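Notes follow the structure.
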Amino acid sequence: WVSCQTGSRGGASATSVGPWVPDNGDGTYKNPVICADYSDPDVVRVGDDFYLVSSSFNCVPGLPILHSKDLVNWTIIGHVFDRFPYGQFDAPQHGNGVWAPSIRYHNGEFYVYYGDPDYGIFMAKTRNPAGPWGPLVRVQESKGWIDPCPFWDDDGSAYLVHAWAHSRAGVNSILTINRMSADGTKLLDEGKLVVDGRNGKYRTLEGPKMYKRNGYYYLLAPAGGVPQGYQLAFRARNVFGPYEGRIVMDQGKTEINGPHQGGWVELKSGESWFVHFQDRGTYGRVVHLQPVKWVNDWPVMGIDKDRSGKGEPVLSGKKPEVGRSYPVAVPQTSDEFDSRRLGLQWQWEGNYHEGWMSLAERPGWLRLFSISIPDKGTNLWSAPNLLLQKLPAPEFTVTAKLEFGKLAVGEKAGLMIMGASYSHLAVERTSSGDRVVEVACRDAANGGTEIEGGSAGCTADSLLLRVKVSSAGICQFCYSSDGKEFIPVGESFPASAGRWMGAKVGLFSLTKDGAEGRGYADFDWFRFE
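Here's what the structure looks like:
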């Protein structure tokens, strides 16, 4: 097993920046700039500020909005919606929901569009990207329309480009542009196919973003598949084409596999940058930042060592020229639960319901009430009330302080690593007393069963629970009653990705067999190092 001991007692300081910091502090940065699962990122600049949105699939609150002053140091500032107002998202719909959003700024308002492959194209807008956002508007009811991006031309005409999901529509590798109402709420025609990759030239063409520069209309899009694909640029003098295309970035000789979809921004300084993701399996789709040079009105992303017009990703480089230096920052992780609102880093697996948690009943503590697993659930894959966040680094340790004196018999609460396979360390209350138990469930997505890996009796009322994640996502759970000695429980466990997303770490309180004991567990803090 992997040792759970760390360099500090009880967990990292609440003021520590985080286990991964992309800002080198000397005017340079390293990739990824967000070492967490912010899939399908898109970015927009408004004045001196940058805003990023990413896919959230079935997790709520949905559509996280991040803010930066320099494209390197990012923090979460809000979400577009708190719950799905449509569909069956009270139960986890793993991998469904919010796919590949885009963010734009037009006439003083921010717009976010996304495709739900089963329900259509949705939009929300606001004047303040931190929220609140207006209600979701269904721009187009459809099946298999994905990856939408709006575009307003110089004359005020509006358009929407989108891709297609073969799993729903029976077709993919094509891009379609529709005319759209100026207010962005509805489409005005049947659309025109503007790029056709079905001849094999552009396999799995998707994720288009639309721009205009120097009289050209541009579609920037990836193809070739998520793990091994590449970036394309298409340009035309007319909105509807004809478009000519070329590869502008691929993996080259780097370790950055399949540099996938993202967004382009131009700075006040005139520099161009491209934000995209890389699929790291268990860790999800992490965010990279690439310099862009324009050569003969084509974007060349990353570094073009052989001057072929096609770049490869950079691992590090000079930070964007934004006029000054900004403080080091990373998306939020650790939480002391001192606020009356849940930290923005947390998401549920399905629509939140009142009664799952409280931050008010015991100020400074998170109270999770024990909720039963849905009747048809054979494991926690079907539980919507798991409170989770993204893995923030390749290697890290999480420690949480748990008080469990108010659990009822048959209930358990603890710390977990969640994915298509998962593991957790929990305190379980039985009729004969409390025990600490480590449980693993392999292939949970296909009905796998939980298997105990180890257990120990427990006579305390509070414990520190810890999971240490080492290289390749190998996890070891431990616990301590004094914050000094941590005792490992069970064997090490390999974390696994979920459906279209990386593994997550977080907290839960559950009751089994459908009983509603209505006990609860209190968490004092949750700290990364």
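Going by the working numbering, the letters in the sequence shown line up with residues 1251 to 1779, in that order. Glycine included, each C-beta is placed from N, C-alpha and C at the ideal position. These numbers were taken from a predicted model, which means no experiment stands behind them.
Distances from the CA of residue 1347 to each of 1778, 1757, 1750, 1769 were compared; the closest alpha carbon is that of 1750. Closest in C-alpha terms to residue 1398, from the list 1406, 1414, 1404, comes 1414. Taking the Cβ atoms as the reference, residue 1602 lies roughly 17 Å from residue 1630, outside the contact range of under 8 Å. The beta carbon of residue 1617 sits closer than 7 Å to those of 1607, 1608, 1611, 1770, 1772, all from its chain and outside the five residues before and after it, given in chain order. A buried status is given to residue 1292, since no fewer than 16 other beta-carbon atoms sit within 10 Å of its beta-carbon.
Minimum Cα-Cα distance from residue 1729 among the listed residues 1664, 1420, 1555 corresponds to 1664. By the Cβ rule, the segment 1717-1729 counts as touching the segment 1739-1748, because three or more pairs are nearer than 8 Å. Contact annotation: residue 1551 and residue 1498 have beta-carbon atoms nearer than 7 Å. DSSP places residue 1768 outside any alpha helix (DSSP H), giving it a letter other than H or E.
Closest in alpha carbon position to residue 1754, among 1655, 1768, 1636, is 1636.
The secondary-structure analysis by DSSP pairs residue 1446 across a beta bridge with 1424. Assignment of beta-bridge partners to residue 1683 by DSSP yields 1680.
In this structure, 1333 is the residue among 1333, 1294, 1323, 1282 with its C-alpha nearest to the C-alpha of residue 1307. Between the C-alpha atoms of residue 1628 and residue 1695 there is a straight-line separation of about 10 Å. With three or more CB-CB distances shorter than 8 Å, the segment 1428-1436 counts as touching the segment 1386-1403. Listed as beta-bridge partners of residue 1409 by DSSP are 1401, 1429. As computed with DSSP, residue 1535 is found in a beta bridge with 1529. For residue 1419, the uninterrupted alpha helix (DSSP H) segment begins and ends at 1416-1419. Around the beta-carbon of residue 1303, 16 or more other beta-carbon atoms lie within 10 Å, marking it buried. With a cutoff of 7 Å on beta-carbon distance, residue 1366 and residue 1322 are scored as not near each other. Taking C-beta atoms as the reference points, residue 1638 and residue 1752 fail to come closer than 7 Å. For residue 1499, the uninterrupted beta strand (DSSP E) segment begins and ends at 1494-1499. Three or more beta-carbon pairs drawn from the segment 1645-1655 and the segment 1711-1719 are found closer than 8 Å, and the two stretches are therefore classed as touching. In terms of Cα proximity to residue 1599, the closest of 1316, 1633, 1513 is 1633.
Straight through space, the alpha carbons of residue 1341 and residue 1622 are spaced by roughly 12 Å. Taking the Cβ atoms as the reference, residue 1325 lies roughly 7 Å from residue 1582, within the contact range of under 8 Å. The C-alpha of residue 1416 lies about 13 Å from the C-alpha of residue 1447.
For the 7 Å CB-CB criterion, residue 1549 and residue 1471 do not form a contact. When rounded, the separation of the alpha-carbon atoms in residue 1461 and residue 1428 is 15 Å. Rounded to whole angstroms, the gap between the alpha carbons of residue 1758 and residue 1615 is 14 Å. Between residue 1494 and residue 1562, the alpha-carbon positions lie close to 21 Å from each other.
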